[in-house]
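**Q** Residue numbers (the numbering used here): 59 to 1129.
The beta carbon of each residue, even a glycine, is placed where N, CA and C say it ideally should be.
Here it is, the structure, as structure tokens.
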């Protein structure tokens, strides 16, 4: 089967209607037999490939040339993948035809070749990462091949260490448990425990009601001590007489795959703290160690061992090879010729064939231009190409070029008149950018690129800024466009030596050069006076967006040794002071990096931003991150995955760090997989991310099986959702009919994939089966699916998820991550604002999952439930009345009011700082216990909706009269309760303000995601404005108090907006 590696997916989707329509009917499948015979059979679309093969074989017996065929086991089905356009070999014959969805319902039977087990493994890998591994081989790229080999060896070495772990460590690696850094309970939790007694519910066996008892213990008790206590008090009654219970049993969290193992006290387990915080009794179950399912050993095969030994032999010869390399290379720092390139041609472009085309190029380090922009002459199309063979010489000598320099090209159309809005005035003509492309000057082996290079270019977006500087895209990817390229550009660097390869000097050579330069200046460096040191401190306290003045840069560089010794956190700013087109300063900075003290992990994150491409700097940052806990790493994993896009080459310290931590902690591996997998549909990162996914999944076959199953299940959900998306129903009868169709689709073909499946949102939960009768679709435009799953743990509750198809969830992920970080910062200061940063995860382009928060409803629904009228949004008693329904006695109502007060304070401050817009009564929810939380973060950083040029929202944050009514428990705004609420808000704001640089850095690291409302540094200015980082603490507090008063004073405007919203839409979800 021959097919294009880059099929037009839109056309494929149109042809695939046969798979989505009339799902109950059989389908006609065309089969090409190995003997050349062509046959068509009608089969059930949910039949397995094995069943189809048997039916084909039975039918083929009556057809010509059957005698030429071997046994059916000698053949395998092949097809064109409807999703990728690639040829797939279907070695896993237990897959259903509906899951495979062969293009045009066409299958070919071919003789099996090669190692079938290896093919099955590769097939599973391909399904999981979304691309056939053969495509990596077909690229025939040495960097890709070397990276795959090195990562396989690296992961194998990590896994080999893990083989030596104890049983306890293996359990904690496969079932990680969330821990706090300190065993001491914070004050706000200590208040909830009376006389240092923590009540814990312990279950035995499978009979919950008959074998569950409660026991009062100290929070400082360790799990093993709790087990001994259980044996002492309940041993005889439950049939346990073994004094060594700690060696035969463990404590498991009910409903979760989480085990309390280790020497840490109960107070240090996050699950225990969450229970205390929410006034719930921790529920644990006693299980035999034999029941804890551990994955099989991942010891490598003899074949892999031999490959590894060969690689080690190669490494042992590295000294000899290095000497050989030096004998045939010449250092770039010995060549003082200007950098020059020759532009050969550009392929045919998507523009008028009569148009004139020109190219401009420049050399950049990050977004800093090292040279002026050079323009080519204008050319017309000749023989399907635009030919130049024109040489450009830059004003920068080769020996001053930094290692991570890149060459940026822009191809543009030239016209004497303005043809459309994309053309901008440039001197006496108009120009329109058509395509751009970037490439590194040195390859991944440090060699200056020499042979002619052909680059696949990228198109510009439909709407681009009028600023001419936008034409150059220095922060754009250095990856080539794998498909739909507007045209190829071919160029070559000047050949500086006839026989030797030009290479960039290694670290030892650079340090030697720096030493020589230092000796010329007698090795003396100035020391900062007190006044200069104070100036340095003031500069360093500025956030990462602060634009250093030239005199600031000169001062910092002049006193760089003082920065190193006394202000190590100044490193990010000092690096911005280096003249990266001067090898002397490059060498001096390299020398300083050798002795620079370690930074805090929070500050090190900043060094992984796009502004710091130097590999030594990024390796230093990764080294600083090595000491962070798994909990902290998981918290910042979203940004670290984005930071991979700023790496110049596939092989780097960051990818090794992430892979190692993922292999050592299953939850980190799970989250890393989905963060990478969700962006593989974006061509800029697709190749890099899929290669990392391959390295991880190949190293853990057991996890690969689980992840592949999740991918397949989500693919089926998308198919089911597509079937009802956009469908119009009439009244309740039509809605019920559509709901029934969804349930039928899920029940027929989607039930099995969700059996024994880990929750993609939270792998601590495992699904038993899907509960079809509780599944439905929601009433928004994209028809999200409401899904219900049985917890495989008999002690666990059902799990509810929302599957969204058609909405970009990456912005929601970012805001919810920031809410988790804010919650952590507040708790570290002793404040628990009862936040609910629910789980949300993009699993692909405009598709993903959202956690359902149980026992909650929207404010709109609550107001309607309490009587829908034109003025219901103004009624201040409706929410309180609803809370009374669910908290009938005074004590529970008082507790609900406290929960509401705390959570309202947290979300008021968080939404204000982050500029969360489009706040209406349908995206603010309340739990029956009083906790308030926000959902749907489609507009952030102050991107408020407008109508007729007027902003709909005119308040800093939502604080309506009905909110105040609950906070004050019906009293006036001058009440003690309201004063306490305002103090909560002020403390929350001042804490976030202290961590303002971290908040800004985390947002800055997300600029590469393509999130529409976070596309440039200008968008980050909103954070600086809300956090007022340029003010003193006293002035900042006064500023926030003004905003607080403004929100309260104008709360009637919010109520008016909500009234209009309630009228415009029927919000109530029907079951």
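#1: Check whether the Cβ atoms of residue 91 and residue 167 lie closer than 7 Å to each other.
#2: What does the alpha-carbon distance come out to for the pair residue 319 and residue 912?
#3: Less than 6 Å between C-beta atoms, sequence neighbours within five positions excluded: which residues of the same chain meet that for residue 635?
#4: I need the straight-line Cα distance from residue 111 to residue 149, nearest angstrom please.
#5: Taking 7 Å as the cut-off, decide whether the C-beta atoms of residue 846 and residue 837 are in contact.
#6: Could you say if the stretch 458-466 and the stretch 439-448 meet the contact criterion of at least three C-beta pairs nearer than 8 Å?
#7: Using the beta-carbon count (16 or more within 10 Å), is residue 769 buried or exposed?
#8: Please give the ranges of any alpha helix (DSSP H) in the stretch 81-135, keeping only runs that are unbroken, at least 4 residues long and fully inside the region.
#9: Any idea which residues DSSP pairs residue 915 with across the strands?
#10: Over what stretch of residues does the beta strand (DSSP E) that includes residue 899 continue unbroken?
#11: Distance, Cα to Cα, residue 438 vs residue 417?
#12: For residue 996, which residues does DSSP report across the bridge?
#13: Taking the alpha carbon of residue 655 as the reference point, which residue from 647, 623, 639 and 667 has its own alpha carbon closest?
#14: Helix, strand or coil: which one does DSSP assign to residue 816?
#15: Output the residue ranges of the beta strand (DSSP E) runs that lie fully inside the stretch 500-555 and measure 3 residues or longer, sorted by chain position.
#16: Give the secondary structure of residue 200 by DSSP, where H, G and I count as helix, E and B as strand, and everything else as coil.
#17: For residue 549 versus residue 401, is the C-beta spacing smaller than 7 Å?
#18: Cutting at 6 Å between CB atoms, please list the residues of its own chain near residue 939, excluding the five before and the five after it.
#19: Under 7 Å between C-beta atoms, does residue 697 make it to chain C?
#20: Hey, out of 144, 853, 756 and 946, whose CA is closest to residue 311's CA?
#21: Going by DSSP in three states, residue 448 sits in which element: helix, strand or coil?
#22: Mind reading off the beta-carbon distance from residue 950 to residue 1017? Whole number of angstroms is fine, and I expect it under 8 Å.
#23: Look at residue 682 and residue 669 and say whether their C-beta atoms are less than 7 Å apart.
#24: Between the Cα of residue 240 and the Cα atoms of 919, 885 and 697, which residue gives the shortest distance?
#25: Residue 159 by DSSP, collapsed to three states: which one?
#26: Go through its chain and collect everything with a Cβ distance to residue 783's Cβ below 8 Å, but skip five positions before and after it.
#27: Considering just the uninterrupted stretch of the alpha helix (DSSP H) at residue 435, what are its terminal residues?
#28: So, with DSSP's three-state summary, where would you put residue 973?
#29: Can you tell me the Cα-Cα spacing of residue 101 and residue 187, whole angstroms?
#30: Would you give the residue range spanned by the alpha helix (DSSP H) that residue 741 belongs to?
#31: Less than 8 Å between the CB atoms is what I'm expecting for residue 997 and residue 976, so what's the real figure, rounded?
#32: Report yes or no: do three or more beta-carbon pairs, one from the stretch 422-436 and one from the stretch 534-545, lie closer than 8 Å?
#33: Can you tell me which of 256, 327, 278 and 348 puts its alpha carbon nearest to the alpha carbon of residue 272?
#34: Since residue 288 contacts residue 344 with CB under 8 Å, what's their CB separation in whole angstroms?
#35: Here's the rule: buried if 16 or more other CB atoms are within 10 angstroms of the residue's CB, otherwise exposed. What is residue 94?
#36: Have a look at the DSSP bridge pairing and note the partners of residue 261.
**A** With the given structure in hand:
#1: yes
#2: 29 Å
#3: 611, 614 and 615
#4: 12 Å
#5: no
#6: no
#7: buried
#8: 107-118
#9: 984
#10: 898-902
#11: 12 Å
#12: Note: residue 996 sits in no beta bridge, so no partner.
#13: 623
#14: strand
#15: 511-514 and 546-551
#16: helix
#17: yes
#18: 924
#19: The structure shown contains no chain C; it is built from a single protein chain.
#20: 853
#21: strand
#22: Wrong, their Cβ atoms sit about 24 Å apart, outside the cutoff.
#23: no
#24: 885
#25: coil
#26: 840, 841, 863 and 864
#27: No alpha helix (DSSP H) contains residue 435, which DSSP labels as neither H nor E.
#28: coil
#29: 29 Å
#30: 741-757
#31: 4 Å
#32: no
#33: 256
#34: 7 Å
#35: exposed
#36: 270 and 343
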